[in-house]
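Everything on this sheet refers to the single structure shown next.
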Amino acid sequence: AAGRGHDHAMLRVEDMLPAPSSSSSSCDMSREHKHGATSSRTRMPIVHRHGPCSPLADAHDGKLPSHEEILAADQNRAKSIQRRVSTTTTVSRGKPKRNRPSLPASSGSALGTGNYVVTIGLGTPAGRYTVVFDTGSDTTWVQCEPCVVVCYKQQEKLFDPARSSTYANISCAAPACSDLYIKGCSGGHCLYGVQYGDGSYSIGFFAMDTLTLSSYDAIKGFRFGCGERNEGLYGEAAGLLGLGRGKTSLPVQAYDKYGGVFAHCFPARSSGTGYLDFGPGSLPAVSAKLTTPMLVDNGPTFYYVGLTGIRVGGKLLSIPQSVFTTSGTIVDSGTVITRLPPAAYSSLRSAFASAMAERGYKKAPALSLLDTCYDFTGMSEVAIPTVSLLFQGGASLDVHASGIIYAASVSQACLGFAGNKEDDD
Amino acid sequence: VGIVGNTQLKTFGVVYDIGKKVVGFCPGAC
Numbered sequence: 001a002a003g004r005g006h007d008h009a010m011l012r013v014e015d016m017l018p019a020p021s022s023s024s025s026s027c028d029m030s031r032e033h034k035h036g037a038t039s040s041r042t043r044m045p046i047v048h049r050h051g052p053c054s055p056l057a058d059a060h061d062g063k064l065p066s067h068e069e070i071l072a073a074d075q076n077r078a079k080s081i082q083r084r085v086s087t088t089t090t091v092s093r094g095k096p097k098r099n100r101p102s103l104p105a106s107s108g109s110a111l112g113t114g115n116y117v118v119t120i121g122l123g124t125p126a127g128r129y130t131v132v133f134d135t136g137s138d139t140t141w142v143q144c145e146p147c148v149v150v151c152y153k154q155q156e157k158l159f160d161p162a163r164s165s166t167y168a169n170i171s172c173a174a175p176a177c178s179d180l181y182i183k184g185c186s187g188g189h190c191l192y193g194v195q196y197g198d199g200s201y202s203i204g205f206f207a208m209d210t211l212t213l214s215s216y217d218a219i220k221g222f223r224f225g226c227g228e229r230n231e232g233l234y235g236e237a238a239g240l241l242g243l244g245r246g247k248t249s250l251p252v253q254a255y256d257k258y259g260g261v262f263a264h265c266f267p268a269r270s271s272g273t274g275y276l277d278f279g280p281g282s283l284p285a286v287s288a289k290l291t292t293p294m295l296v297d298n299g300p301t302f303y304y305v306g307l308t309g310i311r312v313g314g315k316l317l318s319i320p321q322s323v324f325t326t327s328g329t330i331v332d333s334g335t336v337i338t339r340l341p342p343a344a345y346s347s348l349r350s351a352f353a354s355a356m357a358e359r360g361y362k363k364a365p366a367l368s369l370l371d372t373c374y375d376f377t378g379m380s381e382v383a384i385p386t387v388s389l390l391f392q393g394g395a396s397l398d399v400h401a402s403g404i405i406y407a408a409s410v411s412q413a414c415l416g417f418a419g420n421k422e423d424d425d
Numbered sequence: 426v427g428i429v430g431n432t433q434l435k436t437f438g439v440v441y442d443i444g445k446k447v448v449g450f451c452p453g454a455c
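First to last, the sequence lines map onto chains A and B.
The working numbering puts the first residue of the first sequence at 1, with every later residue one more than the last.
The working numbering puts the first residue of the second sequence at 426, with every later residue one more than the last.
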């Protein structure tokens, strides 16, 4: 993005292409994003899973997912989140709770393929593991030796509990075992299960060991899943880092250390580096006008917020409040494309398309769930209408130009939003 | 449920404070 006016943002066409198309470019890792910590903050680099900075980038053998595959997987994730939210809100609205031996079939969400990854250290001495970064689920897990049943291929060595002097299984009787959504018991050892909406799953021992977040910072006795049976669409990541609001998540486990505060930033380009910070030091740049309440009564795991309106080109769209309050809104690091209630999306699409038509941009075919696309062939820079998401309390997310357009190619650059099917999805 | 996805969060510092129950959006954070 070269610049931003009140009603439009300028976007360089060459900057539009996300991974995997730009994977041949070099990694742009600035010094400030390398592992580090201050007295009140621990910082880890975040990179795009398929971008040139990813430790997994060499593992693909040139077989990167297509945009259609990325968007189809994203739709799986969105659907599974909606199924889970529907289940939990139905329960909270007064359905009698049964004494259930089994837990909800979907304890997490489909992973998708457009996720970002971070590298963690685990064990003593610490091994390095690149894991999927997920604010939409709680339990952290990695594939483990001896991989009793099945493991998918991963880029790094499997975590081997026998080589860690600080590893211990958690017993079935331990309170921590009760924190799991899906649990079992074998020989007195607590078993965990996570199953995602696309059929991917991981099962194994619920254990504890030292988690290293930076060269200076470690969490002793961190509880995680040591996966002995793992199948699914994990790419070649070693596992997953759960950052939700549930008891097993990293921010909740490390609450005493970091005060339940963390922050992340995703870079504009797939060749860039973002960060994941833990601790109160993440906060100084956030003024009250940039914050919105976390609506914790809506359900577990997810970070619910109150979306109240949308501006396109600086103008507030006429969307009744009930359109947003009927369904609610979550912020999810693992979903690629923002999903809006049908009426809100329809209004956004109409205003966006109208502004693009005024500028004379040529339309292009739809790309999977993205139905408002343009052909920018022959252009070096385009002017697109600004899009702002407005939240309870007055916070505004003025979407960066790199987040307004999702481009498969120069000739197929689309509005990076999609509509839900039903008003109450 | 509506979902704010990672494409729209690019370059924003997204801050989660579980204790204070707030989510913050800082522009131009990376």
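Quick reminder that beta carbons are idealized off the backbone N, C-alpha and C, glycines included.
Against chain B, the CB of tyrosine 406 of chain A has a partner CB under 9 Å away; the residue lies at that interface.
A straight line joining the alpha-carbon of alanine 383 of chain A with that of isoleucine 404 of chain A spans about 11 Å. Neighbours of threonine 292 of chain A in chain B, taken as residues at a C-beta separation under 9 Å, are given in chain order as Val447, Val448, Gly449 and Phe450. Remark: C-beta atoms of aspartate 371 of chain A and lysine 362 of chain A do not approach each other more closely than 9 Å. For the C-beta of threonine 338 of chain A, the chain B residues within less than 8 Å are, from N- to C-terminus, Gly427, Ile428, Val429, Gly430, Thr432 and Gln433. Not flagged as an interface residue toward chain B: arginine 41 of chain A, since no C-beta distance is shorter than 9 Å.
Shown here, glycine 394 of chain A sits in a helix according to DSSP, grouped into three states. If the five residues before and after glycine 242 of chain A are omitted, its C-beta is found closer than 7 Å to the C-beta atoms of Asp134, Ser137, Asp138, Thr139, Thr140, Thr248, Ser249 and Leu250, all from its own chain and listed in chain order.
Residue state for alanine 351 of chain A is assigned as helix, using DSSP reduced to three classes.
In the structure shown, threonine 139 of chain A adopts coil according to DSSP, grouped into three states. Residues of the segment 231-246 of chain A that bring their beta carbon within less than 7 Å of a beta carbon in chain B comprise Arg245, in sequence order. Put simply, the CB of tyrosine 275 of chain A is near chain B, with a gap under 9 Å to one of its CB atoms. A residue is called buried when at least 16 other Cβ atoms come within 10 angstroms of its Cβ; arginine 359 of chain A does not meet this threshold and is exposed. Ser327, Gly328, Thr329, Ile330, Val331, Asp332, Ser333, Gly334, Thr335, Val336, Ile337, Thr338, Arg339, Leu340, Pro341 and Ala344: these are the residues of the segment 326-355 of chain A whose beta carbon lies less than 8 Å from some beta carbon of chain B, given in chain order. For serine 322 of chain A, the uninterrupted alpha helix (DSSP H) segment begins and ends at 321-325.
Glycine 272 of chain A belongs to the set of residues whose beta carbon lies under 9 Å from a beta carbon in chain B.
Note that the C-beta distance between proline 161 of chain A and tyrosine 167 of chain A is below 9 Å.
Listed along chain B are Leu434, Lys435, Thr436, Phe437, Gly438, Val439, Cys451, Ala454 and Cys455, each with a C-beta nearer than 9 Å to that of cysteine 265 of chain A.
Distance from the CA of leucine 240 of chain A to the CA of methionine 379 of chain A, rounded to the nearest whole angstrom, comes to 40 Å. Excluding its 5 nearest sequence neighbours in each direction, threonine 436 of chain B has C-beta neighbours in its own chain below 8 Å: Pro452, Gly453, Ala454 and Cys455, listed in chain order.
In this structure, the alpha-carbon of isoleucine 120 of chain A lies about 6 Å from that of threonine 130 of chain A.
Take leucine 276 of chain A, set aside five residues on each side of it, and the residues of its chain with a beta-carbon closer than 6 Å to its own are Met44, Ile46, Val118 and His264, in chain order. With a threshold of 9 Å between beta carbons, tyrosine 201 of chain A makes no contact with chain B.
When 8 Å is used as the limit between beta carbons, asparagine 76 of chain A is near no residue of chain B, the shortest such separation being about 13 Å. In this structure, DSSP gives asparagine 115 of chain A a state outside helix and strand, which the three-state scheme calls coil. Within the segment 249-335 of chain A, the runs of alpha helix (DSSP H) that reach at least 4 residues and sit entirely inside it are, in chain order, 250-253, 255-258 and 321-325. From the beta-carbon of phenylalanine 262 of chain A, the residues of chain B found nearer than 8 Å are Val440 and Tyr441. In the DSSP secondary-structure assignment, cysteine 455 of chain B is not bridged to any residue. Threonine 432 of chain B and arginine 339 of chain A have their C-alpha atoms some 11 Å from each other. The bridge partners DSSP lists for serine 171 of chain A are A:His189. Interface criterion met: the Cβ of glycine 259 of chain A is under 9 Å from a Cβ in chain B. In the three-state scheme derived from DSSP, where H, G and I count as helix and E and B as strand, threonine 386 of chain A is classed as coil. Using a Cβ-Cβ cut-off of 9 Å, glycine 314 of chain A does not count as an interface residue toward chain B, since no Cβ of chain B sits closer than that to its own. Residue nearest to threonine 325 of chain A within the set A:Gly204, A:Thr308, A:Ser80 and A:Asp217 is A:Thr308 (criterion: CA-CA distance). Nearest neighbour of asparagine 76 of chain A by Cα position, chosen from A:Val252, A:Ser368, A:Glu381 and A:Ser409, turns out to be A:Ser368.
By the Cβ rule, the segment 333-353 of chain A counts as touching the segment 405-421 of chain A, because three or more pairs are nearer than 8 Å.
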